[in-house]
Structure formats: C-alpha cells, structure tokens
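Participant:
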Amino acid sequence: MRNAARLKMGYYPLPESEGIKLRSLLSYSQPASLIDPCVGQGAALQVITKNSPARLYGVELDAERARIAGSKAIETVQGNTFDAIVRSESFSLLYLNPPYDSEIGSIANRRMEAVFLEHTYRWLAMEGVLVFVIPFERLHDCVGVLSSHFAGLNVYRMTDPDSVQYRQIAVFGIRREVRGYAVENNKRQFHTIGLYGSFQKLPELEPGVCAPYTVPGSDTVEISYRGLPYDLLEDLLPQSGAWRQAAPLLLPHDDIATGRPITPLHGGHVGLLCTAGLLNGVFGEGDDRHIARWRSVKHVMTFVEEDGDAQIVHHRERWTNELRLVDADGRTLKLTETPAKKEEEADGERTPAARAA
Numbered sequence: 014m015r016n017a018a019r020l021k022m023g024y025y026p027l028p029e030s031e032g033i034k035l036r037s038l039l040s041y042s043q044p045a046s047l048i049d050p051c052v053g054q055g056a057a058l059q060v061i062t063k064n065s066p067a068r069l070y071g072v073e074l075d076a077e078r079a080r081i082a083g084s085k086a087i088e089t090v091q092g093n094t095f096d097a098i099v100r101s102e103s104f105s106l107l108y109l110n111p112p113y114d115s116e117i118g119s120i121a122n123r124r125m126e127a128v129f130l131e132h133t134y135r136w137l138a139m140e141g142v143l144v145f146v147i148p149f150e151r152l153h154d155c156v157g158v159l160s161s162h163f164a165g166l167n168v169y170r171m172t173d174p175d176s177v178q179y180r181q182i183a184v185f186g187i188r189r190e191v192r193g194y195a196v197e198n199n200k201r202q203f204h205t206i207g208l209y210g211s212f213q214k215l216p217e218l219e220p221g222v223c224a225p226y227t228v229p230g231s232d233t234v235e236i237s238y239r240g241l242p243y244d245l246l247e248d249l250l251p252q253s254g255a256w257r258q259a260a261p262l263l264l265p266h267d268d269i270a271t272g273r274p275i276t277p278l279h280g281g282h283v284g285l286l287c288t289a290g291l292l293n294g295v296f297g298e299g300d301d302r303h304i305a306r307w308r309s310v311k312h313v314m315t316f317v318e319e320d321g322d323a324q325i326v327h328h329r330e331r332w333t334n335e336l337r338l339v340d341a342d343g344r345t346l347k348l349t350e351t352p353a354k355k356e357e358e359a360d361g362e363r364t365p366a367a368r369a370a
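Heads up: the sequence shown is residues 14 to 370, going by the working numbering.
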C-alpha cells in the first residue's frame with residue numbers, strides 16, 4: 014500500500030450509489046443484528062440497512078471514525094478487529110469491505126481481504142448473508158473460504174468511478190456447510206470468473222440483477238474487546254520513561270546558536286550560518302517582525318555534447334539557497350537566485366497584501 018493509503022489505514026469508503034444498489038438486493042423481514050468489521054464512519058452500513066429493523070454493530074481502528082459511527086446509532090467498538098471477541102454464528106448479515114493491503118509478518122504475508130474473511134465469517138449465522146466488497150484481483154485469494162462455507166454465490170461488477178478505479182466487485186453468499194461436489198463446483202465457478210475471466214465481463218451490480226437475499230432474524234449481540242487501548246497508550250506515551258530515552262534519537266532538536274560572536278561576522282560567516290539553518294527564527298520588532306527560514310535547493314543542469322554522430326548527455330548538480338519570510342501581517346516573501354521575470358519585479362515573490370493570510 015502507498016504511504017498515503019497507510020496514513021488513512023486503507024480506508025476507502027463505499028460510494029453511496031453502490032450502497033443503494035446493494036440495498037436493493039437485500040430483503041429484511043424481521044429484526045436482525047448486522048455487523049461491519051471495518052465500519053469506518055458507518056455510512057455504508059447505514060445505506061445497505063435503510064428502512065430495515067436492523068441492529069447495527071461495527072469495529073473500527075481509527076478513533077475519530079469510530080466516534081462518528083457511534084453517533085449514527087451503530088454500536089461501535091474502537092480497536093483492532095482481530096482483538097474483538099464475538100460469539101460464533103451471532104449475526105444475520107456480514108458486510109465486509111476490508112483494507113486493501115497485505116499483512117506484515119515474518120512469514121506468509123497474505124492479503125488482508127482473505128485474512129479478514131477467514132476471521133469474521135464465523136460470526137455469521139447459518140443462512141446469514143455475506144456482502145463482500147473487494148478488488149477483482151483479490152477474488153482468487155478468498156476462493157477457499159467462499160467455496161467451503163457459502164452457497165448461492167454471485168459476483169457483480171461495480172460501476173461507480175471510484176469503484177472502477179479499484180476494480181471493486183461485490184460477492185453475495187449465504188452461509189451454509191458446503192461439501193463434496195458443491196465445493197468443487199464453487200471453486201470452478203470462481204476460477205472461471207477470477208483466473209480465466211475479466212472484470213469487464215462480470216455482470217453489473219444493479220437493482221434486479223438477481224433475486225433479493227433474505228436476511229434472517231437474530232437476537233442482540235455482545236461484542237467484547239480484549240486488545241490494547243491504542244488511544245490511551247498514545248496519550249500516555251510522551252510521559253513514559255522509555256519515550257524520554259528514545260525521543261532524543263527519534264526527534265533530534267534543531268541546533269541553536271546562542272551568544273555573541275567573538276569577532277564581528279563578515280558576509281561569508283553570515284552566509285555559512287544561514288545555509289546551515291542557524292539563522293532561522295523570529296526577527297525584528299513591530300511591523301518589521303518576521304519569521305525567516307533558510308533551506309538548500311538542488312538544481313540539475315543538463316547539457317548535450319556532440320561526439321560525431323553520437324550525443325553525450327551530461328547532468329551537473331549544484332546547490333543554491335532559498336529564504337522564505339513571513340511578515341507579521343501575513344505577507345510572505347521568497348528570495349531565490351532566480352532572476353525576476355519582469356524588470357519591475359523584485360528579487361523575490363511576495364504574496365499580495367489582499368491575498369495574505
């Protein structure tokens with residue numbers, strides 16, 4: 014997963030338009046308990062259960078998203094799904110849209126789609142309905158569990174632009190004990206779709222594409238959590254002795270020069286101090302008060318040398334320095350070695366006062 018995706022913990026919410034289509038293929042006739050092990054802010058779970066007598070449950074790792082989900086009448090546990098304790102065969106519907114990532118360990122490193130499915134399908138009661146949203150390429154990773162524990166399987170292609178970007182598919186199934194020829198038939202069906210088929214050839218997810226799946230009734234469910242309280246640990250960490258020992262290594266302080274020089278500084282001394290970042294800080298008084306920040310910038314010059322019929326491309330690197338200033342009134346100024354584009358322009362780029370923050 015890219016770093017940007019890791020920062021949001023693989024959170025890719027289901028488009029509302031696709032949630033409405035999923036809802037059209039689900040039928041609720043009696044009170045039931047439903048769960049989303051990666052509930053996020055709870056929007057998808059609310060859409061697929063709209064106008065139904067359902068009790069909603071969820072697990073979410075991110076504290077803020079868990080708080081938002083809890084405010085939407087979803088009984089939400091904040092923490093790791095794999096540390097949540099749920100009695101087997103408790104829920105009538107399992108909506109699963111797991112992080113699109115791989116686990117990180119010493120061995121295996123399997124895809125998270127398969128890991129989440131293996132861990133949570135046991136929470137689903139017999140005759141309960143599975144709604145599984147994953148990328149098309151990850152279907153073959155989940156064939157074993159789907160073929161052995163689910164019947165009435167259908168796979169549909171999502172068409173919302175955000176879903177097409179990740180080539181998302183929706184897998185519907187009913188939990189049953191599948192044995193013998195039925196298992197092989199399911200595997201053959203998935204291999205035809207995932208290994209020998211293509212995303213574009215899948216039937217489109219739309220209302221009426223199949224008979225609605227009937228969600229059976231179920232009682233209330235109790236979810237307990239036995240994992241670490243991540244938010245509490247994060248709050249207490251800066252106060253711990255271990256952090257005080259590690260902080261100087263992990264978060265080194267900027268060098269600060271104090272005191273008066275022994276002799277007056279000439280231009281070369283000032284230049285060295287600036288480029289070393291030792292003259293960053295707040296300067297001036299009143300209207301002239303400003304923040305100064307120096308940094309080094311690398312430039313790459315490219316030139317071509319002709320050698321007969323051949324061309325030799327040379328790259329030459331050089332470093333220059335750049336100064337950014339922020340005035341007390343919010344105006345900013347960038348000073349570089351780049352010459353001004355127009356004669357009336359100064360040696361820097363100043364933010365107009367009307368646009369200054």
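All C-beta atoms in this analysis are idealised placements derived from N, C-alpha and C, irrespective of residue type, glycine included.
Just so it is clear, the structure is predicted and the values come from calculations on it, not from any experiment.
Where do the ends of the alpha helix (DSSP H) carrying residue 129 lie?
Facilitator: Position 116 of the sequence shown, counted from the start, is the residue given in the question as residue 129. Looking at the DSSP string, the run of the alpha helix (DSSP H) that includes residue 129 is 125–133.
Participant: Whole beta strand (DSSP E) runs in the stretch 280–336 with 3 or more residues, listed along the chain?
Facilitator: Whole beta strand (DSSP E) segments, 3+ residues: 294–296 and 303–320.
Participant: Of the residues 307, 263, 113 and 303, which one's Cα is nearest the Cα of residue 284?
Facilitator: Within the sequence shown, numbered from 1, the residue matching residue 284 stands at position 271. The shortest C-alpha separation from residue 284 is found at 307.
Participant: Under 9 angstroms, do residue 149 and residue 191 count as touching if we go by C-beta distance?
Facilitator: The residue you call residue 149 lines up with position 136 of the sequence shown. The residue you call residue 191 lines up with position 178 of the sequence shown. No. Outside cutoff.
Participant: Measure the C-alpha to C-alpha separation of residue 211 and residue 320 and round it to an integer number of angstroms.
Facilitator: Here the question's residue 211 lines up with position 198 in the sequence shown. Here the question's residue 320 lines up with position 307 in the sequence shown. The alpha-carbon atoms of residue 211 and residue 320 are separated by roughly 51 angstroms.
Participant: Kindly list the residues whose CB is nearer than 6 angstroms to the CB of residue 329, restricted to its own chain and excluding five residues on each side of it in sequence; keep chain order.
Facilitator: On the sequence shown, residue 329 is found 316 positions in, with the first residue counted as 1. The residues are 314.
Participant: Judging by CA-CA distance, which residue of 74, 180 and 154 is the nearest neighbour of residue 242?
Facilitator: Here residue 242 refers to the residue found at position 229 of the sequence shown. For residue 242, the nearest C-alpha among the options comes from 74.
Participant: Would you identify the three-state DSSP class for residue 224, choosing helix, strand or coil?
Facilitator: Along the sequence shown, one-based indexing puts residue 224 at 211. Three-state DSSP puts residue 224 in coil, outside helix and strand.
Participant: With H, G and I counted as helix, E and B as strand and the rest as coil, what does DSSP make of residue 351?
Facilitator: Looking up residue 351 in the sequence shown gives position 338. Coil.
Participant: Go ahead and label residue 209 buried or exposed: buried means 16 or more other beta carbons lie within 10 angstroms of its beta carbon, across all protein chains shown.
Facilitator: On the sequence shown, residue 209 is found 196 positions in, with the first residue counted as 1. It counts as exposed.
Participant: Ignore the nearest five residues each way along the sequence and tell me which others in residue 161's own chain have a CB closer than 6 angstroms to its CB.
Facilitator: As a working mapping, residue 161 is identified with position 148 in the sequence shown. Taken in chain order, the residues that qualify are 191 and 196.
Participant: Indicate, with yes or no, if the ligand NAP has a heavy atom lying under 8 angstroms from the CB of residue 180.
Facilitator: Ligands in the displayed structure: none, and consequently the ligand NAP is not present.
Participant: Tell me the DSSP secondary structure of residue 88 in three-state form.
Facilitator: Here residue 88 is taken as the residue at index 75 of the sequence shown, counted from 1. Strand at residue 88.
Participant: Count the other CB atoms, across all protein chains shown, that sit within 10 Å of the CB of residue 54; report buried if there are 16 or more and exposed otherwise.
Facilitator: Within the sequence shown, numbered from 1, the residue matching residue 54 stands at position 41. It is buried - the Cβ of residue 54 has at least 16 other Cβ atoms within 10 Å.
Participant: Which same chain residues end up closer than 6 angstroms to residue 337 when comparing Cβ atoms and leaving out the 5 residues on each side of it in sequence?
Facilitator: For the purposes of this step, residue 337 is identified with residue 324 of the sequence shown, where counting begins at 1. Taken in chain order, the residues that qualify are 306 and 347.
Participant: Which whole-angstrom value is the C-beta distance of residue 13 and residue 104, which I expect to be below 8 angstroms?
Facilitator: The structure shown does not extend to residue 13, since the chain spans only 14 to 370, so no value can be given for it.
Participant: Excluding the 5 residues flanking residue 288 on each side, which residues of the same chain have their C-beta closer than 8 angstroms to its C-beta?
Facilitator: Working through the sequence shown from its first residue, we reach residue 288 at position 275. 307, 309 and 334, listed in sequence order.
Participant: So, are the CB atoms of residue 113 and residue 25 less than 9 angstroms apart?
Facilitator: The sequence position of residue 113 within the sequence shown is 100, counting from 1. The sequence position of residue 25 within the sequence shown is 12, counting from 1. Against a cut-off of 9 angstroms, the Cβ pair of residue 25 and residue 113 comes out as a contact.
Participant: Is it the case that the stretch 32–43 contacts the stretch 219–226, given that we only count it when at least three CB pairs across the two stretches are under 8 angstroms?
Facilitator: The answer is yes - the stretch 32–43 touches the stretch 219–226, with three or more Cβ pairs under 8 angstroms.
Participant: Helix, strand or coil, according to DSSP, for residue 81 in the structure here?
Facilitator: Within the sequence shown, numbered from 1, the residue matching residue 81 stands at position 68. Residue state, collapsed to three classes: helix.
Participant: So what does residue 29 bridge to, in DSSP terms?
Facilitator: Counting from 1 along the sequence shown, the entry for residue 29 is found at position 16. In DSSP, residue 29 forms no bridge with anything.
Participant: From the DSSP output, read off the bridge partner residues of residue 93.
Facilitator: The count along the sequence shown starts at 1 and reaches residue 93 at position 80. DSSP output for residue 93 lists no bridge partner at all.
Participant: Spatial neighbours of residue 358 within its chain, please: CB distance less than 8 angstroms, with the 5 preceding and 5 following residues excluded, ordered by chain position.
Facilitator: Position 345 of the sequence shown holds residue 358. Because the pLDDT of residue 358 is 47, which lies under 50, any placement of that residue in the model is unreliable, and the question is left without a value.
Participant: Entirely within the stretch 181–234 and at least 4 residues each: give me those alpha helix (DSSP H) ranges in chain order.
Facilitator: Here the runs fully enclosed are 194–207.
Participant: Closer than 6 angstroms by C-beta to residue 115: which residues in its own chain qualify, once you throw out the five before and the five after it? Chain order, please.
Facilitator: On the sequence shown, residue 115 is found 102 positions in, with the first residue counted as 1. Answer for residue 115: 122 and 124, listed in chain order.
Participant: In terms of alpha-carbon separation, which member of 62, 350, 45 and 151 lies closest to residue 137?
Facilitator: Within the sequence shown, residue 137 is the residue found at index 124, counting from 1. Cα-wise, what sits closest to residue 137 is 45.
Participant: Within this structure, are the beta carbons of residue 107 and residue 166 separated by less than 9 angstroms?
Facilitator: Translated into the one-based positions of the sequence shown, residue 107 becomes position 94. Translated into the one-based positions of the sequence shown, residue 166 becomes position 153. Contact flag unset, no.
Participant: Are residue 52 and residue 87 touching if we call contact CB-CB under 9 angstroms?
Facilitator: Translated into the one-based positions of the sequence shown, residue 52 becomes position 39. Translated into the one-based positions of the sequence shown, residue 87 becomes position 74. It is a contact, given that the beta carbons lie within the stated cut-off.
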